[in-house]
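K.L.:
Just so we're aligned, residue 3 is where the sequence shown starts under our numbering, counting upward by one.
Yeah, the Cβ is synthetic: ideal placement off N, Cα and C, and Gly gets one too.
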Amino acid sequence: MAFSFGRLRRWLPLTVAVVATVVSVVLATIPNRGGQYDAALAVLTATLIAIIWYTYFTFQILHRLPLAYLRTRVGFHVRSGGYAVVPKVRNPMERVLRTRLYLEVWIDRRPIDLGPFYRGEVVQPMNPKETFSGWLELWYHLELKPSMDVVSSEILARFRCTWDDGLGNSGETSPLHLRWDIPRDERYSVVGPEIKQRFGTLPSLTTAPGGAGTP
Numbered sequence: 003m004a005f006s007f008g009r010l011r012r013w014l015p016l017t018v019a020v021v022a023t024v025v026s027v028v029l030a031t032i033p034n035r036g037g038q039y040d041a042a043l044a045v046l047t048a049t050l051i052a053i054i055w056y057t058y059f060t061f062q063i064l065h066r067l068p069l070a071y072l073r074t075r076v077g078f079h080v081r082s083g084g085y086a087v088v089p090k091v092r093n094p095m096e097r098v099l100r101t102r103l104y105l106e107v108w109i110d111r112r113p114i115d116l117g118p119f120y121r122g123e124v125v126q127p128m129n130p131k132e133t134f135s136g137w138l139e140l141w142y143h144l145e146l147k148p149s150m151d152v153v154s155s156e157i158l159a160r161f162r163c164t165w166d167d168g169l170g171n172s173g174e175t176s177p178l179h180l181r182w183d184i185p186r187d188e189r190y191s192v193v194g195p196e197i198k199q200r201f202g203t204l205p206s207l208t209t210a211p212g213g214a215g216t217p
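(1) Measuring CA to CA, which of Ser149, Ala42, His179 and Val152 is closest to Arg162?
(2) Give me the residue from Asp183, Leu138, Tyr58 and Arg102 with the minimum Cα distance to Arg81.
(3) Excluding sequence positions up to five away, which residues of its chain have a Cβ less than 7 angstroms from the Cβ of Pro195?
(4) Distance check for Leu105 and Arg112, CA to CA, integer angstroms please.
(5) Please go through the region 80–124 and give each complete beta strand (DSSP E) segment of 3 or more residues, from N-terminal end onward.
(6) Report the CB separation of Ile184 from Glu156 in whole angstroms; it is logged as a contact under 8 angstroms.
(7) Give me the residue from Asn171, Leu46, Tyr142 and Val88 with the minimum Cα distance to Arg97.
(8) Which residues mark the beginning and the end of the beta strand (DSSP E) in which Pro127 is found?
(9) By how many angstroms is the C-alpha of Ile32 removed from the C-alpha of Ile54?
(10) Tell me whether Tyr85 is buried or exposed, calling it buried when 16 or more other Cβ atoms sit within 10 Å of its Cβ.
(11) Does Ile197 come out as helix, strand or coil in the three-state DSSP assignment?
(12) Can you tell which of Ile51, Leu43, Leu72 and Ala48 has its C-alpha closest to the C-alpha of Asp167?
(13) Please list, in chain order, all residues of the same chain as Val27 whose beta carbon is under 7 angstroms from its beta carbon, the five residues on each side excluded.
(14) Measuring only between beta-carbons, confirm whether Ile184 sits less than 8 angstroms from chain D.
(15) Considering Glu174, what are the terminal residues of the beta strand (DSSP E) in which it resides?
(16) Going by DSSP in three states, Ala19 sits in which element: helix, strand or coil?
(17) Can you say whether Tyr190 is buried or exposed, counting buried as having 16 or more other CB atoms within 10 angstroms of its CB?
(18) Determine whether the beta carbon atoms of Val88 and Val107 lie at a separation below 8 angstroms.
(19) Hey, out of Pro127, Lys131, Met128 and Gly136, whose CA is closest to Tyr120's CA?
(20) Rounded to whole angstroms, what's the CA-CA distance from Val125 to Gln199? Just pull it up for me.
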């Protein structure tokens, strides 16, 4: 297993505290084994153990890292007659996060394969304060008339990310849901009961935690 400073930082203080506790008990009991109970020595040993663990927990409180998180956005854009979905992820932390992106798109309830990167099959390392932006053109997935007019009536999108920080912490962002009513050119975030109404029974290509097709 490769060396990990994060794992060392996490387990070394605990190991030192446990070893110091065991050594304290051994040094207090072995020399006096078979002799009379020494109340002063017992109190001294208990005090030493209390100091060891007080120091350990104080160290953990003073040096703990804030819980990592990601900021995510997703939107629809029209440019030069194109139809695009634009995901954005920002790492606001002071440490590197390993992320996976799960972007699902349906056109008239038909799932669109955006490739392994957006199915969460590729790890995307993100440096501190780094922002990732994508641009996925959907024009070639739309149903068109011979005149090139768009026949498709609706685009739905759902976007979420997972992350881990190499220190044993991991998490997942809340999913974002969007709808694009193409004939009316209405683009908006889907919230509340409408999420289940529009996304509850959609087919999916991804295998993200929580299960695709789950609002």
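P.N.:
The short version:
(1) His179
(2) Leu138
(3) none
(4) 14 angstroms
(5) 84–92, 99–109 and 112–114
(6) 6 angstroms
(7) Asn171
(8) Gln126 to Met128
(9) 20 angstroms
(10) buried
(11) helix
(12) Leu72
(13) Thr47
(14) The question asks about chain D, but that chain is absent: this structure has only one protein chain.
(15) Ser172 to Glu174
(16) helix
(17) exposed
(18) no
(19) Gly136
(20) 32 angstroms
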